[in-house]
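In what follows, a single structure is set out as structure tokens and then discussed.
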Amino acid sequence: MSLPSPEPQQIPVVVLAGFLGSGKTTLLNHLLHRSGGSRIGAIVNDFGAIEIDAMAVAGALGDSTVSLGNGCLCCAVDASELDQYLERLAEPSLGIDVIVIEASGLAEPQELVRMVLASEHPGIVYGGLVEVVDAAEFDDTRSRHPEIDRHLALADLVVVNKLDRAADGERVLGLVRSLVDRAAVVPASYGRIDPEFLFDCRPSEERIGQLSFDDLHEHGTDDHAEHLHSAYDSLSFVSREPLDPRRLMEFLDSRPEGLYRIKGYVDFGPYDVLNRYAVHAVGRFLRFYPEPWPAGGERLTQLVLIGSGIDASALDKELGACRSDAPHADERGMWGVLRYVRNPEEDSASLPEPSTGGL
226 MSLPSPEPQQ IPVVVLAGFL GSGKTTLLNH LLHRSGGSRI GAIVNDFGAI EIDAMAVAGA
286 LGDSTVSLGN GCLCCAVDAS ELDQYLERLA EPSLGIDVIV IEASGLAEPQ ELVRMVLASE
346 HPGIVYGGLV EVVDAAEFDD TRSRHPEIDR HLALADLVVV NKLDRAADGE RVLGLVRSLV
406 DRAAVVPASY GRIDPEFLFD CRPSEERIGQ LSFDDLHEHG TDDHAEHLHS AYDSLSFVSR
466 EPLDPRRLME FLDSRPEGLY RIKGYVDFGP YDVLNRYAVH AVGRFLRFYP EPWPAGGERL
526 TQLVLIGSGI DASALDKELG ACRSDAPHAD ERGMWGVLRY VRNPEEDSAS LPEPSTGGL
């Protein structure tokens, strides 16, 4: 089920973190090469660390913004300038679909996430913290950097990379899953995860006439290029009956491990007859956007859930139990939903604190 984006258009900002050598740059390159026609803005700490063969077509690279054939932008940036660069990349004329912040190997992801949440720019929305770990070196990395346990507890998605090099990959996967707080954990080799896990890929035909990374790498990629090592699971839910806001909030508050993204529109029926509610959830972050119903359109709840290892059948039943045929609204019924309607002063309340320390 394809869903339109909420209005006004907001660009998800994904924070990509992980210690040196975990494979962050490889994963970012994979997203750039396999963006499916989407335009990616990338903010990186160390510009020279990016090894993208296609950059040769863009000419000499400086230390500021570079626009490539498919609209990808890469910026060398200090963390203190983050909001300035987010504002630049969110400029509507650039047509950016997603912004990826690649933190340096020694960066504190908690602070980057806090800065994204604190941004008052109306054109962006938090898109999740992705932590990349090296499966082959995980034990040594954890010994040298014990703070990795805290980073994993904060993550919304953990990519266990380099499984092709790990002698005991299943043990590492199990250990990582024991350290996360409801995050989706996906295995990967060569940094290859499906971009649809992180953002909505636009059809490539929308970029006709532009030279894309997909075009540049159609030939000459390695034998593994077409094989994504971690697929995602998805569920599409449609209801012609309105949903009860209290029941939906109970579902959202108890959403299971591995459920990474929820997007779509909710009809709350008599609780708000004028508006539908666009919903955006990533990890533990949740936001609702009330907007007028389109004139003449059918009033439906339409949701897409994306995760790793989720029980789609069980989730469908739980959402079905949120349906309501009540003709009247309880005046307090929407309080839980309205808590997550955007208020810049209350953004931090949208991201619950994990047991090991919060944002």
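Reminder that position 123 of the sequence shown reads as 348 in the working numbering, one-by-one numbering, no gaps. Note that beta-carbon positions come from the ideal geometry of N, C-alpha and C, so glycine has one too.
1. Counting along the chain, where does the beta strand (DSSP E) carrying His370 start and finish?
2. Can you tell me whether Leu404 is helix, strand or coil according to DSSP?
3. Nearest to Gln335 by alpha carbon, out of Ser368, Ile373, Val507?
4. Under a Cβ-count criterion, where at least 16 other Cβ atoms within 10 Å of its own Cβ denotes burial, should Gly521 be classed as buried or exposed?
5. Which residue wins for smallest C-alpha separation from Leu311, given the options Gly243, Ala267, Arg524, His553?
6. Can you have a look at Ala391 and say buried or exposed, based on whether 16 or more other CB atoms are within 10 angstroms of its CB?
7. Straight-line CA distance for Leu511 to Ser459?
8. For the beta strand (DSSP E) holding Ser464, just list the boundary residues, first then last.
9. Quick check on Leu499: does DSSP put it in helix, strand or coil?
10. Hey, would you say Ile236 sits closer than 9 Å to Val323, going by beta carbons?
11. Measure how close the beta-carbons of Asp478 and Arg524 come, nearest whole angstrom, since I'm counting them as under 8 Å.
12. From the DSSP output, in three-state form, read off Ala506 for me.
13. Three Cβ pairs or more, each shorter than 8 Å: is that satisfied between the region 335-350 and the region 243-253?
14. Which same chain residues end up closer than 8 Å to Ala551 when comparing Cβ atoms and leaving out the 5 residues on each side of it in sequence?
15. Measuring alpha carbon to alpha carbon, tell me which residue in Glu516, Leu241, Met559, Tyr490 is nearest Ile326.
16. Alpha carbon to alpha carbon, how far is Thr366 from Phe244?
17. Taking its Cβ as the centre, do 16 or more other Cβ atoms sit within 10 Å of Ala343, making it buried, or is it exposed?
18. Shortest alpha-carbon distance to Pro481 belongs to which of Glu466, Val463, Ala506, Asp497?
19. Should Lys387 go down as buried or exposed, given a rule of 16 or more other Cβ atoms within 10 Å for buried?
20. Count the other C-beta atoms from every protein chain shown that fall within 10 angstroms of the C-beta of Asp497, then say buried if there are 16 or more, exposed otherwise.
21. For the alpha helix (DSSP H) that contains Tyr415, what are its first and last residues?
22. Report all residues from its chain with a CB closer than 8 Å to the CB of Leu256; omit the five preceding and five following residues, and keep chain order.
23. Specify, as a first and last residue, the run of the beta strand (DSSP E) that Val357 falls within.
24. Answer with buried or exposed for Pro371, where buried requires no fewer than 16 other C-beta atoms within 10 angstroms of its C-beta.
25. Mapping the DSSP letters down to three states, classify Tyr565 as helix, strand or coil.
Answer, in terms of the structure:
1. From DSSP, His370 is part of no beta strand (DSSP E); its letter is neither H nor E.
2. Helix.
3. For the residues Ser368, Ile373, Val507, the minimum Cα distance to Gln335 belongs to Ile373.
4. Exposed, because fewer than 16 other Cβ atoms sit within 10 Å of the Cβ of Gly521.
5. Of the candidates Gly243, Ala267, Arg524, His553, the one whose C-alpha sits nearest the C-alpha of Leu311 is Ala267.
6. buried
7. 18 Å
8. 458-464
9. If DSSP states are grouped into helix, strand and coil, Leu499 belongs with coil.
10. yes
11. Contact flag wrong, Cβ pair sits at about 25 Å.
12. strand
13. no
14. Asp469, Gly494, Pro495
15. Leu241
16. Rounded to whole angstroms, Thr366 to Phe244 spans 8 Å at the Cα level.
17. exposed
18. Ala506
19. buried
20. Answer is buried; the Cβ neighbour count reaches 16.
21. It is not in any alpha helix (DSSP H) - Tyr415 carries neither H nor E in the DSSP assignment.
22. Ile265, Val325, Pro420, Leu423
23. 349-359
24. exposed
25. In the structure shown, Tyr565 adopts coil according to DSSP, grouped into three states.
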